[in-house]
Amino acid sequence: MAILYIDNKPYEVKPGRNMLETCLTLGFNLPYFCWHPALGSVGACRQCAVKVYKDENDRKGRLIMSCMEPVTDKQRISIADPEATEFRSNVIEWLMTNHPHDCAVCDEGGSCHLQDMTVMTGHSYRRFRYKKRTHKNQYLGPFINHEMNRCIQCYRCVRFYKDYAGGRDLDAFASKSNVYFGRAEDGVLENEFSGNLSEVCPTGVFTDKTLKEHYTRKWDLTMSPSICQHCSLGCNTIAGERYGELRVILNRYHGAVNGYFLCDRGRFGYEFVNAKDRIRQPMINNVPVDKEAVLKEFARLLLTDKRVIGIGSPRASLQSNFALKALVGENNFYHGVSDNEHDIAELAIEIMRDGPVATASIKEVEHADAVFVIGEDLTNTAPVLALAVRQAARQKDIQDLTASHVPAWHDAAVREMIQDRKGPVFIATVNTTKLDDAAAEVYRGAPEDIARLGFAVAAEIDNSLPKVKGLSADEEEKARRIAAALTAAKRPVIISGASCESATVMKACANVSWALHKKNTGTKMVFTMLECNSLGLAMMGGHRLNSAFDAVLNGHADTVIVMENDLYRHGKTETIEKLLQQCKQVIVLDHLNHPTARKANLLIPAGTFAESDGILVNNEGRAQRSLQVYEATSMVQESWRWLLNIGVKAGNPRMKQWTNFADITRAIALSEPMLKAVDDITPAASFRVAGQRIPRQPHRYSGRTAMNAHVDVSEP
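Here the sequence shown is numbered in this note's numbering, starting from 588 and rising by one per residue.
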């Protein structure tokens, strides 16, 4: 640790970090714009100036930009120095000369970083009385709104979009003192992470166009921590609601998972919650009924028909799947996925549980110095993981720069020195992918060919493994190069997954990682799954979906309960048609109006993730809690709550002991060996902070903007 003196007071800090980050970590109010913890420093905005002194006898000092200065031992700086304070005040005034005074209509108003920094520096009076510079706004697609006149030229947008996320259609265009951030011409932003511009931008230049369609100020939203439902990574989100309608999804920082960023699918793919054709009314034989009627009919069917099976879902929570399993009995619970998907999920669990190699988090992938992707188009199946691999492509070169004494956070210098060099990232896929431009080498082939290449790489790493025969000379040479790069790395990561639906490809991934682990215990691997709770469903245990089909078609079951699942997605159409025709009763709990739901005799409206509490298990086996954002109407409930009420009404002895979410979660921990830790991942309902429950709404102020609202606002 180093000692840093700030305004003559000593603080123990980590050396090597930049001074701005250190001061912010210590709780000092130091304004900034261009610096971002994930993007590093470029010193573009000149807003974070401090005075630095040679030693305790130096009284004059010199101004520096704190984001560009590394912390060293016994360093002395001043934040409160009058010259530094005046410099920061002048900079904010220069930045505001062309900024419009449109906070009242700006979508960022009340949650604007520029507002916070302006108030922090004390700038409140505008002396500029001349015509402001104006720009043409562009159409950037259905997700991002563009208001270029609010720009303060911090360069965050292009640094994220172009440098960090690999986008090629957004840039900075300049002529003299006129700088424009946008596309060469109007058009839809092509990068899968364009939505992050609305959070990265410290002003209102790039804003969420989907929020604009039903706009609500930040302080009027009811918000809750949630988990993204759109892939298996389990990115952490904040969901915001107003008047019973989901209005916005924001990123929620999780250091090991998604960090500061979300993909566009996770950020903007929430409108199904508000869909007009959602299932919102219980139906018996297509006739609307009330809640009591559907509970009574469901309970009657359970009591009169002993041949009832339940089909679970990889997009439903652990609680909902477990409640269905408890309702129908362990022997009558079936996984609602194809047999191949069932086998692949179980294979992934077996490899992760019994093998020597640990599963890497997304953050660990980001810091890997060699990556081998086997059979996965990550941009489509796990976008944030693809973003992490893109950062990993720079890691080896960043390590090589340590001899030049350039810190990794000095972003502009690092990128200038690396330029177009690519680290040891190798991608073997069926078709071209958007991640190919970050790879040192790519390989195309059928799943069987990709698996053969993987086995060949494993054999090159571990001589005790059998050699793969029938490879071309080019493939053999490629396997040797990949093996050499992985062996030379300190933190290699091997990535595969379920999108090829090939167990052989996943076994090849396991072979490479296990062979590498013998030489380097720092080796990690990653499997991606097909749905948000694929791994959780597999951990719970259950029978194959084809066995459910056989049970009905062979007359062993008369009633089938389908929960949050469209069977047509997981089986052959003709088989599903026979199944639904032969069943005496088809009971569907769901929020989506899909083909299976339209064949239901008893249709029950289930809550979406926004209306439900639940736990999902992501691709690395990490159980995460999603909290209810708002209560649905009386006719819409969580699937587990419907099933619990029905079980109690039908006299299920086990379910009679449960009354709420916590009881079901505790039962899961006691009953399911692989899920015994789920009861400990979130605080109990009785948890309090300073005597109060965790708030469902944001703080009364954004940063410091409305800190005194209770004093000087007539209606606080």
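Don't be surprised by glycine CBs; every beta carbon is placed ideally from N, CA and C. Note that the coordinates shown come from a computational prediction; the quantities given were computed from them, not determined experimentally.
One alpha carbon belongs to VAL678, the other to MET707, and they sit about 13 Å apart. Secondary structure of LEU727 (DSSP, three-state): coil. Per DSSP, the beta-bridge partners of GLY1201 are SER1213. Looking only at MET652, ASP668 and ASN605, the smallest Cα-Cα distance to ASP594 is reached by ASP668. A straight line joining the alpha-carbon of HIS700 with that of ARG663 spans about 28 Å. In this structure, DSSP gives THR794 an extended state, which the three-state scheme calls strand. Under the three-state reduction of DSSP, GLN978 is assigned to helix. Note: SER1083 is bridge-paired with PHE1114 in the DSSP secondary-structure output. Per DSSP, reduced to three states, the secondary structure at SER665 is strand. Contact annotation, MET1150 with SER900: C-beta distance approximately 6 Å; criterion of less than 8 Å satisfied.
A distance below 7 Å between beta-carbons, with the five flanking residues on each side excluded, links SER925 to the following residues of its chain, in chain order: LEU1132, HIS1157 and GLY1158. Taking the Cβ atoms as the reference, PHE1013 lies roughly 6 Å from ALA1026, within the contact range of under 8 Å. Distances from the alpha-carbon of SER1221 to those of ALA752, TYR619 and GLY831 put GLY831 closest. Inter-residue distance for ASN908 and TRP1227 is about 8 Å (C-alpha atoms, whole angstroms). Shown here, ASN1133 sits in a helix according to DSSP, grouped into three states. Beta-carbon to beta-carbon, LEU1040 and GLU1062 are separated by about 6 Å, close enough to satisfy the 8 Å threshold. Beta-carbon to beta-carbon, VAL895 and THR1146 are separated by about 4 Å, close enough to satisfy the 8 Å threshold.
DSSP places ALA761 within a strand segment (E or B) once states are collapsed to three.
Linking GLU884 to GLU1225 through their CA atoms gives a straight-line distance of about 18 Å. For CYS815, the CB contacts under 6 Å within the same chain, skipping 5 residues up- and downstream, are CYS822, THR824 and GLY853 in chain order. Where MET588 is concerned, there is no enclosing alpha helix (DSSP H), because DSSP gives it neither an H nor an E.
Counting the other Cβ atoms within 10 Å of the Cβ of SER711 gives fewer than 16, which makes it exposed. Along the length of the region 922-986, whole beta strand (DSSP E) runs at least 3 residues long occupy 957-961, reported in chain order. Excluding five sequence positions before and after ARG1067, the CB atoms of its chain that fall closer than 6 Å to its own CB belong to GLU1047, given in chain order.
The region 1107-1120 makes contact with the region 1076-1090, as at least three CB pairs between them are under 8 Å. Of the residues SER813, ALA862, SER819 and VAL860, the one whose Cα lies closest to the Cα of ARG839 is SER813.
The region 1089-1098 makes contact with the region 930-948: 3 or more CB pairs, one atom from each, lie closer than 8 Å. With contacts defined by Cβ atoms closer than 8 Å, VAL835 and THR1195 do not form a contacting pair.
As the crow flies, the alpha-carbon of THR891 is around 38 Å from that of ILE936. As the crow flies, the alpha-carbon of VAL1099 is around 16 Å from that of LEU934.
Residue pairing by DSSP puts LYS638 in a beta bridge opposite LEU650 and SER665. Exposed is the label assigned to GLU673, since fewer than 16 other Cβ atoms lie within 10 Å of its Cβ.
As computed with DSSP, ARG1275 is found in no beta bridge at all. Three or more Cβ pairs drawn from the region 768-785 and the region 717-727 lie within less than 8 Å of each other, which places the two stretches in contact. Ranked by Cα distance from HIS997, the first of HIS623, ARG902 and LYS1021 is HIS623.
Selection THR790, VAL960, GLY1109 and PRO1011 evaluated against CYS690 yields THR790 as nearest (Cα-Cα).
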